[in-house]
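Heads up, the thing below is written out as structure tokens.
2 protein chains.
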Amino acid sequence: MDGKVVVGVDIGGTKVAAGVVTPDGEIIRQTRAPMSSRGDAAAGISSVEMAIRALMNGDNPTVGAIGICSPGPLDPKNGIVINPPNLPCWRNFPLGENMRRLFAVPVSIDNDANAAALAEARWGAGRGYRNVFYAGVGTGIGTGIVFDGKIYHGRTGAAAEGGHVGIDIHGPVCGCGKRGCIEMIASGPAIARRAREALEGGGKSALRDLVNNDVSQITGHTVGEAADAGDGVARKIMQDTLDALAYWLGNIIDLIEPDVIVIGGGVSSTLAPHLPEIRERWKGAVVNPWLDEIPMVLARYGEDSGIAGAAALCGTIPNRS
Amino acid sequence: MDGKVVVGVDIGGTKVAAGVVTPDGEIIRQTRAPMSSRGDAAAGISSVEMAIRALMNGDNPTVGAIGICSPGPLDPKNGIVINPPNLPCWRNFPLGENMRRLFAVPVSIDNDANAAALAEARWGAGRGYRNVFYAGVGTGIGTGIVFDGKIYHGRTGAAAEGGHVGIDIHGPVCGCGKRGCIEMIASGPAIARRAREALEGGGKSALRDLVNNDVSQITGHTVGEAADAGDGVARKIMQDTLDALAYWLGNIIDLIEPDVIVIGGGVSSTLAPHLPEIRERWKGAVVNPWLDEIPMVLARYGEDSGIAGAAALCGTIPNRS
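Heads up: the protein sequence lines correspond to chains X and W, in order. This note's numbering applies: residue 1146 is where the first sequence begins, and numbers increase by one. This note's numbering applies: residue 1146 is where the second sequence begins, and numbers increase by one.
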């Protein structure tokens, strides 16, 4: 490995993934390591350091810049991790400053959805568009907004929490305390939960067969699979999910009118064949008169969106830590 | 009147209001004239021209710049009025170009809520804040977003249609075709409609007395008045309205995290004493951890927000027409 490279680091509650990312957004080398998230702050830092050093494979220091995506809430401007539930090792912790001391390079930090949005805007499905709205639909729904090539942060960095934009004031209570957040309706676990609830009455469904009658094994994917196979219960759940997503995206469009909508995350493959149906439903859910001109496309990055996103941060956010 | 002045023009379906606005946002002179909105395009232009000439009172041309706010949808970049329902005289009409030809000065155009947001950001209750969210709650709910001193337009100029951000996917159908838009729940006519519906069962209410038992006379104000006087039906309507507004503003905050929220429009005086209750309700409707730091304040401009907003456009949007 010659020259200085950009390293993208994706920190989660149980693992750290790190990769070397080219200026075109290709991940040319990557590694995964356990994350010590429940010990002290230093142990957490040590996990991250080890992942980066493992990635560099003992070479002399060739890291030119480090981008990190971490669970939020965090203060991206100052590189401070506030209090993510699944990273108890860090509370109001200056992660950026610590990493900069260790590697003596610029360090940029943001949350995973913001970072993924930037990677898509810079290198992926949102490339060439001025304003990009990214929705990662997976175990949660994380969103990011990129305006003119920069992540839109809002006042403190807590903007673009689109997963908690609610569509049903009378809906189910979310972990955040609010009712009817889209995450409570259209994330993978929410789709599965709604399917389980629908089966509680004991109705017959191909879904039961897919999970050998163990409804606790139902996932968003199995619901999608059963719906595609024509199962009535699963189809109803999927239809409601598409209605909800269309309504929610309608809200996003009417408020920020992006140039493109990029759909990523673990559930995006299940949603992929249904994007035209979401558009069909938009017609009754958006006032924007130029709606048909707004493309909705699948993300370039899948599981690696964190690494790519973290690396993308290096090019656009000045180092402040 | 000496020197060149900025004129703000507020076009509606039945009238044109125009005013001379100082660089500090003071409206020092204004006039109102009928708007010929149902004739041909030239008659519409003529109405606007006459209002401006009446304002200038026969003085030699001293108009330095003209700002116009017009019902949308419109294309603010090119000064084109698309097809507002209450301005049938203009369809894809280059209003900016026509006005510039008449007065030989720069002309800027935007919709009323965007313009009002800019006036508040520049001269009013949003002054000194970087990102301003303005909500004009009146016969409709119009919103505007100002980022860094500029109106946020989105892809075509159709962004910031916050009144059609929906909070209840199962709610009442709005004129736009979507269900549960906040405008269908918290605008003046929506509050009145909900009160009439609540009284349909024949229940006793002080509301009936306020309108001499003619429920068609109920307005948002009468509901507010009856609620303040302790009437049970009216109180329930107001509580639900505050719930809805808190939920909706929670969505706005979680998506764009503004630095300040400015509440204007005809219903704002009814809402004014209840702003602390909206904040109370926010606690369960927003994930933003710094919510308490976001002020919610009443607008500086009332009925004149269109004139002030139109004038504010002159300082920030370059003339493109």
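From the three backbone atoms N, C-alpha and C, an ideal C-beta is built for every residue, glycine too. Treat the numbers as computed from the prediction; the structure is a model and nothing was measured.
Starting from the beta carbon of residue i, find every residue of chain X whose beta carbon is closer than 8 Å, and list them in chain order.
i: I1547 of chain W; result: Residue 1547 of chain W falls outside the range modelled here, since chain W spans only 1146 to 1466, and no answer is possible.
i: H1315 of chain W; result: D1313 and H1315
i: E1435 of chain W; result: Here residue 1435 of chain W is Trp; the residue named in the question, Glu, does not match the sequence. Ordered by position in chain X, the residues that pass the 8 Å Cβ test against W1435 of chain W are R1300, T1301 and A1303.
i: P1218 of chain W; result: P1434
i: N1276 of chain W; result: G1299 and R1300
So what's residue i in DSSP terms, helix, strand or just coil?
i: D1388 of chain X; result: helix
i: I1452 of chain X; result: helix
i: K1381 of chain X; result: helix
i: G1447 of chain W; result: coil
i: I1288 of chain X; result: Note that residue 1288 of chain X is Thr in the sequence shown here, rather than Ile. In this structure, T1288 of chain X counts as strand in the three-state DSSP scheme.
i: V1368 of chain X; result: helix
i: S1350 of chain W; result: coil
i: E1345 of chain W; result: coil
i: A1457 of chain X; result: helix
i: V1360 of chain W; result: helix
i: R1300 of chain W; result: coil
i: D1373 of chain W; result: helix
i: L1232 of chain X; result: coil
i: P1463 of chain W; result: At P1463 of chain W the pLDDT is 36, less than 50, meaning the model places this residue with poor confidence and gives no usable figure here.
i: G1148 of chain X; result: coil
Based on the DSSP output, what are the partners of residue i in its beta bridges?
i: I1156 of chain W; result: W:V1161
i: D1220 of chain X; result: X:I1225
i: I1175 of chain X; result: Sequence check: residue 1175 of chain X is Gln here, not Ile. Q1175 of chain X pairs with X:G1164.
i: G1281 of chain W; result: W:G1287 and W:G1409
i: G1212 of chain W; result: W:G1153 and W:S1253
i: P1239 of chain W; result: W:I1225
i: K1110 of chain W; result: The requested residue 1110 of chain W does not occur in the structure, where chain W is confined to residues 1146 to 1466.
Using the beta-carbon of each residue, which ones in chain W are nearer than 7 Å to residue i?
i: D1399 of chain X; result: E1306, H1309 and V1310
i: G1294 of chain X; result: Per Cβ cutoff of 7 Å: no residues; G1294 of chain X is ~15 Å from chain W at best.
Counting only Cβ pairs nearer than 9 Å, list the residues of chain X close to residue i.
i: D1388 of chain W; result: I1314
Run through chain X and tell me which residues come within less than 7 Å of residue i, C-beta to C-beta.
i: A1430 of chain W; result: K1323
Should residue i be counted as a contact of the ligand ZN given a C-beta to heavy atom distance under 8 Å?
i: A1391 of chain W; result: Ligands are entirely absent from the displayed structure, and the ligand ZN is therefore not among its contents.
Going along chain W in order, which residues have a C-beta closer than 9 Å to the C-beta of residue i?
i: Y1392 of chain X; result: G1311, I1314, K1323, R1324 and G1325
i: G1241 of chain X; result: Ordered by position in chain W, no residue passes the 9 Å Cβ test against G1241 of chain X, which lies about 19 Å from the chain.
i: G1395 of chain X; result: H1309, V1310, G1311 and K1323
Within 9 Å (strictly less), CB to CB, does residue i reach chain A?
i: I1254 of chain X; result: Structure shown: chain A not included; protein chains present are X and W.
### Query
Counting only runs that start and end within the region 1244-1276 of chain X, where is the beta strand (DSSP E) found for 3 or more residues in a row?
Within the region 1244-1276 of chain X, the complete beta strand (DSSP E) segments at least 3 residues long are 1252-1255, listed from N- to C-terminus.
### Message
To be precise: take each residue of the region 1320-1335 of chain X, compare its Cβ to all Cβ atoms of chain W, and keep it if any distance is under 7 Å. Which residues remain?
### Response
Of all residues in the region 1320-1335 of chain X, C1321, G1322 and K1323 have a Cβ within less than 7 Å of some Cβ in chain W.
### Task
Would you mind listing the alpha helix (DSSP H) stretches within the region 1177-1207 of chain W that are 4+ residues and don't spill past its ends, in chain order?
With a minimum length of 4 residues, the continuous alpha helix (DSSP H) runs that stay inside the region 1177-1207 of chain W are 1186-1201.
### the region 1220-1237 of chain W: positions lying closer than 9 Å to chain X by Cβ
Answer in chain order: I1227 and N1228.
### Task
Return the chain-ordered ranges of every alpha helix (DSSP H) run that is complete within the region 1391-1445 of chain W and spans a minimum of 4 residues.
Runs of alpha helix (DSSP H) with 4 or more residues, each lying fully within the region 1391-1445 of chain W, are found at 1413-1416 and 1420-1427, listed in chain order.
### Task
May I ask you to list, following chain order, the residues of the region 1403-1420 of chain W that have a beta carbon less than 8 Å from some beta carbon of chain X?
Legend: CB atoms of the region 1403-1420 of chain W lying less than 8 Å from CB atoms of chain X belong to residues P1403 and D1404.
### Message
Runs of 4 residues minimum, wholly inside the region 1303-1337 of chain X: which ones carry the alpha helix (DSSP H) assignment?
### Response
Fully enclosed alpha helix (DSSP H) runs of 4 or longer: 1328-1331.
### Task
Closer than 7 Å, Cβ to Cβ, to anything on chain X: give me those residues from the region 1258-1284 of chain W, in chain order.
Listed by position, the residues of the region 1258-1284 of chain W near chain X (Cβ gap below 7 Å) are N1276.
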